[in-house]
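Undergrad: Structure incoming, see below.
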Amino acid sequence: MAKWSKPQYVTIVLEWPADYGEIGVRIPVGSTEGRKLLWQGENCTPPAILDFPPDLFTPEQRRAGAAVLHGVLACYLFVLLATVCDDYFVPSIKRMCSTVELNTTSTLANYATETVLGMSDDVAGATFMAAATSSPELFINSVGTFITEGDIGVGTIVGSAVFNILAVPACCGLFAGQVLKLDWWPLTRDCLMYGVTVVVLILTLNDERVEWYEALMLVSMYILYISAMYFNTCMSDWVKGCCRGSRRHVYRKIVVTEETNPLLMKTDKDRYDSATDVEKHSEETKETNKDDEDEGEIMSLWVWPSEESFGKKCWWMFIWPISFLLKITIPDCRSERWKNYYLLTFTMCILWIGSTSYTVAWMITVIGRSTSYIITCTTPAIGRSTSYIVTCTTTVMGRSTSYIVTCTTTAIGRSTSYIVTCTTTAIGDTLGIPDSVVGITFLAAGTSVPEAVSSVIVTNQGHGSMGISNSIGSNTFDILLCLGLPWLIKSTFLPISPGEHFVVIHSSGLEYNAISLLSTLLILYVSFASNGFKLDRKIGIVCLFIYIAFLTSASLIELNFFFLVNLPTCPM
Numbered sequence: 001m002a003k004w005s006k007p008q009y010v011t012i013v014l015e016w017p018a019d020y021g022e023i024g025v026r027i028p029v030g031s032t033e034g035r036k037l038l039w040q041g042e043n044c045t046p047p048a049i050l051d052f053p054p055d056l057f058t059p060e061q062r063r064a065g066a067a068v069l070h071g072v073l074a075c076y077l078f079v080l081l082a083t084v085c086d087d088y089f090v091p092s093i094k095r096m097c098s099t100v101e102l103n104t105t106s107t108l109a110n111y112a113t114e115t116v117l118g119m120s121d122d123v124a125g126a127t128f129m130a131a132a133t134s135s136p137e138l139f140i141n142s143v144g145t146f147i148t149e150g151d152i153g154v155g156t157i158v159g160s161a162v163f164n165i166l167a168v169p170a171c172c173g174l175f176a177g178q179v180l181k182l183d184w185w186p187l188t189r190d191c192l193m194y195g196v197t198v199v200v201l202i203l204t205l206n207d208e209r210v211e212w213y214e215a216l217m218l219v220s221m222y223i224l225y226i227s228a229m230y231f232n233t234c235m236s237d238w239v240k241g242c243c244r245g246s247r248r249h250v251y252r253k254i255v256v257t258e259e260t261n262p263l264l265m266k267t268d269k270d271r272y273d274s275a276t277d278v279e280k281h282s283e284e285t286k287e288t289n290k291d292d293e294d295e296g297e298i299m300s301l302w303v304w305p306s307e308e309s310f311g312k313k314c315w316w317m318f319i320w321p322i323s324f325l326l327k328i329t330i331p332d333c334r335s336e337r338w339k340n341y342y343l344l345t346f347t348m349c350i351l352w353i354g355s356t357s358y359t360v361a362w363m364i365t366v367i368g369r370s371t372s373y374i375i376t377c378t379t380p381a382i383g384r385s386t387s388y389i390v391t392c393t394t395t396v397m398g399r400s401t402s403y404i405v406t407c408t409t410t411a412i413g414r415s416t417s418y419i420v421t422c423t424t425t426a427i428g429d430t431l432g433i434p435d436s437v438v439g440i441t442f443l444a445a446g447t448s449v450p451e452a453v454s455s456v457i458v459t460n461q462g463h464g465s466m467g468i469s470n471s472i473g474s475n476t477f478d479i480l481l482c483l484g485l486p487w488l489i490k491s492t493f494l495p496i497s498p499g500e501h502f503v504v505i506h507s508s509g510l511e512y513n514a515i516s517l518l519s520t521l522l523i524l525y526v527s528f529a530s531n532g533f534k535l536d537r538k539i540g541i542v543c544l545f546i547y548i549a550f551l552t553s554a555s556l557i558e559l560n561f562f563f564l565v566n567l568p569t570c571p572m
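Just so we're aligned, residue 1 is where the sequence shown starts under full-length UniProt numbering, counting upward by one.
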């Protein structure tokens, strides 16, 4: 038996022969080419960057500072996503659900408006607006499922779900500028449906693979969700009727009063009709003014904002290329000229969001694909090539995390402990975080910009229920359709191998983060209930601090800070 001696530390540079072959081939013990540390698919997670197009810069150039350009481009594309969704996509959705005027008689008393699809604000926010603002997540997960086959899409949707639940209400509460009283039924309805959705997601991710029938179940649940929204009025009346059953005698008294005082009620009705007419005329005037403002904004593309502040001038120049490209490629259905082309607007927005989301995923993956491993290997001297287990230790956020990997090498001649430094040829050597963490943090916030902006806008207009329903409904859309549909197509028509109709999920940490979604959902509902279902600054502060806490804990889980959930990323 070999004797152990005092450890000595040397730095060993690992090199692979040019004719080594494809990554992932197992090298037999005793081979002189046994210097490969990690085997793809067994002891490490394949990097998503390998499935993207080659970068314009070499690793050396990125380490020298070219990585900053990727970050700047990603931020600029986030602005492009927000502009497309809020200036074109959301208006096209609103145009589809716009109000039509019903003038049944010549009297103003019978002049009314109704929506084409018969939707209330909260239902429209939870369905059409949610689908419109969540389209980036659909394309990001499509890229992650069909192209990179990584966890970017899943991590993005899990991270954006928490962003929508906590960060969006936080923004609405902090920037609404007013206290809004919310209807308890839409919030309860959306939270209940989303809670069921999260439970199904947890069960789906339990074995780190998604079978075709599990994906089909997710898509089917979304169809049932839309069907339930169609009967929202009936459900609302039934639930509210059950909740106020103990007060039915009060309503009986009101009915008797109406029957015994018809003249009084008639007068009140006339006053209400007059007030409605005035309000309607005011809304029409506001809508006309809004159209004029939109036309002015479009024309301002060619007019220098000389009277604006320096900051607004800088912003005008910053987004001018975006505004110009969108103007010449997407018809603006907000204007009188293109208002009937909302379907074309909708289609062009899908193309823009798809291409932009793919580029965002590429840039973020390049930025995140940088890591260094400190591998400590200890073995007795046996004078020949051997295969043994080593510990791969990487320092993340001030703490060392260990992985178990396989190392094959030739002993140096005596008992030796040495440090092997393996630095991947990716960008910057600065971040070194898994694809799932990139999705939970940067991509989640970037792709959720449309939800945040649109929710704050409608909240400032007094539609608090619509803004909150948009944020929660977006999560339901994300999980059931943005995850379920790509998974269903991938597992059914593009299986890994014949007969294996499933999609592999590389990170078990996503399951823990999905479980935490239930706690954040419960906290959100309890916060609103304890605050009397009012959206104010207090709710905004509470949601903001909870979101920061979740982001920290979720990132630490994905970085193996508490326990092992992710294997290290395969070296390039």
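Where is the CB? At the ideal position from N, CA and C, for every residue including glycine. All figures in this text were calculated on a predicted structure; none of them were measured in a lab.
Under DSSP, the alpha helix (DSSP H) around E451 begins and ends at which residues?
TA: Counting from 1 along the sequence shown, the entry for residue 451 is found at position 451. Looking at the DSSP string, the run of the alpha helix (DSSP H) that includes E451 is V449 to N460.
Undergrad: Opposite E500 in the DSSP bridges: which residues?
TA: Along the sequence shown, read from residue 1 onward, the residue named residue 500 stands at position 500. None; E500 has no bridge partner.
Undergrad: On the premise that L138 lies in contact with C543, defined as a C-beta separation below 8 Å, what is that separation, rounded to the nearest angstrom?
TA: Residue numbering aside, residue 543 sits at position 543 when the sequence shown is read from its first letter. Residue numbering aside, residue 138 sits at position 138 when the sequence shown is read from its first letter. The pair is not a contact, with the Cβ atoms about 25 Å apart (cut-off 8 Å).
Undergrad: Just to confirm my understanding: we take L556, look at its own chain, exclude 5 residues before and 5 after, and list those with CB closer than 6 Å. What are they?
TA: To locate residue 556, count along the sequence shown from 1; it is residue 556. Contacts found: none.
Undergrad: Among G540, Y547, F502 and I165, which one has its Cα closest to the Cα of F175?
TA: Translated into the one-based positions of the sequence shown, residue 175 becomes position 175. That would be G540, whose Cα lies nearest to the Cα of F175.
Undergrad: Between K490, L517 and T347, which lies nearest to V84 when the distance is taken from Cα to Cα?
TA: For this step, residue 84 is matched to residue 84 along the sequence shown. Minimum Cα distance to V84 is reached at T347.
Undergrad: Just checking my contact of D86 with G473 at CB under 8 Å: how many whole Å lie between their CB atoms?
TA: Position 86 of the sequence shown holds residue 86. Position 473 of the sequence shown holds residue 473. That belief does not hold up - the Cβ atoms of D86 and G473 are roughly 17 Å apart, past 8 Å.
Undergrad: What does the alpha-carbon distance come out to for the pair V449 and F78?
TA: Position 449 of the sequence shown, counted from the start, is the residue given in the question as residue 449. Position 78 of the sequence shown, counted from the start, is the residue given in the question as residue 78. Cα to Cα, V449 sits roughly 8 Å from F78.
Undergrad: On a CA-only basis, which of L182, T133, I157 and M129 is nearest S142? Give me that one, please.
TA: Here residue 142 is taken as the residue at index 142 of the sequence shown, counted from 1. S142 has its Cα closest to that of I157, out of L182, T133, I157 and M129.
Undergrad: Quick test of your reading: V196 and T204, contact by CB under 8 Å. State the CB separation rounded to the nearest angstrom.
TA: What you label residue 196 is simply residue 196 of the sequence shown in a count that begins at 1. What you label residue 204 is simply residue 204 of the sequence shown in a count that begins at 1. No, V196 and T204 are not in contact; Cβ-Cβ is about 13 Å, not under 8 Å.
Undergrad: Just to confirm, is the Cβ distance from E451 to N164 under 8 Å?
TA: Position 451 of the sequence shown, counted from the first residue, corresponds to residue 451. Position 164 of the sequence shown, counted from the first residue, corresponds to residue 164. Cβ distance < 8 Å, so E451 and N164 count as in contact.
Undergrad: Checking 8 Å against the spacing of the C-beta atoms, do P495 and F146 come in under that value?
TA: Within the sequence shown, numbered from 1, the residue matching residue 495 stands at position 495. Within the sequence shown, numbered from 1, the residue matching residue 146 stands at position 146. No, these two residues do not count as a Cβ contact at 8 Å.
Undergrad: List the endpoints of the continuous alpha helix (DSSP H) containing R189.
TA: As a working note, residue 189 is residue 189 in the sequence shown. Taken as a continuous stretch (DSSP letters only), the alpha helix (DSSP H) holding R189 covers W184 to T204.
Undergrad: Quick check: the Cα distance between C171 and T188, rounded to an integer number of angstroms?
TA: In the sequence shown, counting from the first residue as 1, residue 171 sits at position 171. In the sequence shown, counting from the first residue as 1, residue 188 sits at position 188. Answer to the nearest angstrom: the Cα atoms are 20 Å apart.
Undergrad: Which same chain residues, not among the five before or five after K490, have their C-beta less than 7 Å away from its C-beta?
TA: Within the sequence shown, the letter at position 490 stands for residue 490. Cβ neighbours of K490 beyond the five flanking positions: T145, F146 and V503.
Undergrad: Let me make sure I understand the geometry here. Which of L216, G462, I440 and D55 has the alpha-carbon closest to that of K181?
TA: The residue given as residue 181 occupies position 181 in the sequence shown. Ranking the options by Cα distance to K181, first place goes to G462.
Undergrad: Sort V219, I468 and F493 by Cα distance to F528 and report the nearest one.
TA: Against the sequence shown, residue 528 aligns to sequence position 528. Of the listed residues, the one whose Cα sits closest to F528 is I468.
Undergrad: For residue 580, collect the residues of the same chain with a Cβ closer than 6 Å to its Cβ; drop the 5 residues on either side in sequence, then sort them by chain order.
TA: In the structure as shown, the chain begins at 1 and stops at 572. Residue 580 is therefore absent and cannot be evaluated.
Undergrad: In this structure, how does DSSP classify K339 when only helix, strand and coil are distinguished?
TA: As a first step, residue 339 is located in the sequence shown; it is residue number 339 there, counting from the start. Note: K339 maps to coil in three-state DSSP.
Undergrad: How long is the line joining the alpha carbons of L521 and W212, rounded to whole angstroms?
TA: The residue labelled residue 521 in the question sits at position 521 within the sequence shown. The residue labelled residue 212 in the question sits at position 212 within the sequence shown. Taking the straight line joining both Cα atoms gives about 28 Å.
Undergrad: Output yes or no for whether 8 Å exceeds the beta carbon distance between S135 and A444.
TA: Translated into positions along the sequence shown, residue 135 becomes position 135. Translated into positions along the sequence shown, residue 444 becomes position 444. Result no, Cβ atoms of S135 and A444 do not sit closer than 8 Å.
Undergrad: Specify, as a first and last residue, the run of the alpha helix (DSSP H) that R95 falls within.
TA: For the purposes of this step, residue 95 is taken as the residue at position 95 of the sequence shown. Counting along the chain, the alpha helix (DSSP H) containing R95 begins and ends at V90 to M96.
Undergrad: Where does L56 fall in DSSP's three states?
TA: Stepping through the sequence shown from its first residue, residue 56 is reached at position 56. L56 falls in the coil class under three-state DSSP.
Undergrad: Just grab the DSSP bridge partners of R209 for me.
TA: As a position in the sequence shown, residue 209 is number 209, starting the count at 1. Partner(s): V504.
Undergrad: Closer than 8 Å by C-beta to F550: which residues in its own chain qualify, once you throw out the five before and the five after it? Chain order, please.
TA: Numbered from 1 along the sequence shown, position 550 holds the residue referred to as residue 550. These residues qualify, in order along the chain: V162, L166, S516 and T520.
Undergrad: Name, in chain order, the residues that DSSP records as bridge partners for C314.
TA: For the purposes of this step, residue 314 is taken as the residue at position 314 of the sequence shown. Paired residues: none, contrary to the question.
Undergrad: Could you give the distance in angstroms between the alpha-carbon of T391 and the alpha-carbon of F562?
TA: Within the sequence shown, the letter at position 391 stands for residue 391. Within the sequence shown, the letter at position 562 stands for residue 562. A caution first: T391 carries a pLDDT of 36, below 50, which makes its placement in the model unreliable, though a value can still be read off. For T391 and F562, the distance between alpha carbons rounds to 16 Å.
Undergrad: What are the start and end residues of the alpha helix (DSSP H) that includes G532?
TA: Position 532 of the sequence shown holds residue 532. Note, G532: premise wrong, no alpha helix (DSSP H); not H, not E.
Undergrad: Got a sec, what are the start and stop residues for the alpha helix (DSSP H) F78 sits in?
TA: Within the sequence shown, the letter at position 78 stands for residue 78. Taken as a continuous stretch (DSSP letters only), the alpha helix (DSSP H) holding F78 covers A67 to V84.
Undergrad: Output the distance between the C-alpha atoms of I440 and D55, rounded to the nearest integer angstrom.
TA: Here the question's residue 440 lines up with position 440 in the sequence shown. Here the question's residue 55 lines up with position 55 in the sequence shown. Cα to Cα, I440 sits roughly 23 Å from D55.
Undergrad: Using a Cβ-Cβ cut-off of 8 Å (strictly less than) and excluding sequence neighbours within five positions of K312, which residues of its own chain qualify?
TA: Here residue 312 refers to the residue found at position 312 when the sequence shown is read from its first residue. These residues qualify, in order along the chain: P305.
Undergrad: If we count the other Cβ atoms within 10 Å of its Cβ and call it buried at 16 or more, is F310 buried or exposed?
TA: To locate residue 310, count along the sequence shown from 1; it is residue 310. Per the 10 Å Cβ criterion, exposed.
Undergrad: State the beta-bridge partners of L180 as determined by DSSP.
TA: Counted from its first residue, the sequence shown places residue 180 at position 180. Note: L180 sits in a beta bridge opposite L535.
Undergrad: Nearest CA to the CA of I464: which residue from G484, N475, V72 and G177?
TA: Position 464 of the sequence shown, counting from 1, holds the residue named residue 464. Residue identity differs from the one stated: residue 464 is Gly in this sequence, not Ile. Residue G177 is the option with its Cα nearest to G464.
Undergrad: Grab the span of the alpha helix (DSSP H) containing V168 for me, first residue to last.
TA: Here residue 168 corresponds to residue number 168 of the sequence shown, with the count starting at 1. Looking at the DSSP string, the run of the alpha helix (DSSP H) that includes V168 is V168 to F175.
Undergrad: So what's C482 in DSSP terms, helix, strand or just coil?
TA: Looking up residue 482 in the sequence shown gives position 482. Helix at C482.
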